[in-house]
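Working notes, structure below.
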Amino acid sequence: MAENGEVYRCQVCDNVIEILQGGEGELVCCQVPMTLLVERNEDTGQEKHVPVLEKTDSGLLVKVGEIAHPMEEEHCIDWIEVKADGKIYRQALKAGDQPQAQFDLDPDKVSQISVRSYCSIHGLWRS
Numbered sequence: 007m008a009e010n011g012e013v014y015r016c017q018v019c020d021n022v023i024e025i026l027q028g029g030e031g032e033l034v035c036c037q038v039p040m041t042l043l044v045e046r047n048e049d050t051g052q053e054k055h056v057p058v059l060e061k062t063d064s065g066l067l068v069k070v071g072e073i074a075h076p077m078e079e080e081h082c083i084d085w086i087e088v089k090a091d092g093k094i095y096r097q098a099l100k101a102g103d104q105p106q107a108q109f110d111l112d113p114d115k116v117s118q119i120s121v122r123s124y125c126s127i128h129g130l131w132r133s
């Protein structure tokens, strides 16, 4: 059973989906069951993936990695997502962009906040 907020990837065509409303049944793409992505929160390799939050004058800046993540055609951060008090904010990125996103919300006025980023090669990350 898929649950709200889970992210799945097709190992054949690389489609990525997020569950908005969980339900029974198997998620299938390209006639193959989709893979549930496990959120990781600790960097182990050379590239850094864990989102880093920074309060700015205009809200919340999220940078991916202590050291900027590569943003190449074949290896980049596809999106950054902030969930704040039940609202979801997401910024899509592409090769050549900076691995960061600015969100217009005051982290001091939010009681619950979580941040995720998705790397095209290394999957889903959370801080």
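Start counting the sequence shown at 7; every next residue gets the next number (the working numbering).
Even for Gly, the Cβ is constructed at its ideal location relative to N, Cα and C.
Quick one: what's got a C-beta closer than 6 Å to residue i's C-beta in the same chain, skipping five residues either side?
{"i": "Lys69", "result": "Val58, Gln106"}
{"i": "Ala74", "result": "Pro105"}
{"i": "Asp103", "result": "Met77"}
{"i": "Ser133", "result": "Val56, Pro57, Val121"}
Please state the DSSP three-state secondary structure of residue i.
{"i": "Lys54", "result": "coil"}
{"i": "Lys115", "result": "helix"}
{"i": "Cys35", "result": "strand"}
{"i": "Glu60", "result": "strand"}
{"i": "Lys100", "result": "coil"}
In the DSSP output, which residue or residues are listed as bridge partners for residue i?
{"i": "Glu78", "result": "His81"}
{"i": "Ser123", "result": "Ile86, Trp131"}
{"i": "Gln106", "result": "Lys69"}
{"i": "Val44", "result": "In DSSP, Val44 forms no bridge with anything."}
{"i": "Gly28", "result": "According to DSSP, which records beta bridges pairwise, Gly28 is partnered with nothing at all."}
Which residues in the same chain as residue i place their Cβ atom closer than 7 Å to its Cβ, once the five residues preceding and following it in sequence are excluded?
{"i": "Val34", "result": "Met40"}
{"i": "Pro76", "result": "Glu53, Cys82"}
{"i": "Ile127", "result": "His81"}
Which same chain residues end up closer than 8 Å to residue i when comparing Cβ atoms and leaving out the 5 residues on each side of it in sequence?
{"i": "Val38", "result": "Cys16, Gln17, Val18"}
{"i": "Trp85", "result": "Arg96, Gln97, Ala98, Leu99, Ser123, Tyr124"}
Does the ligand ZN have even one heavy atom less than 7 Å from the beta-carbon of residue i?
{"i": "Ala107", "result": "Among the components of this structure there are no ligands whatsoever, and the ligand ZN is therefore not found."}
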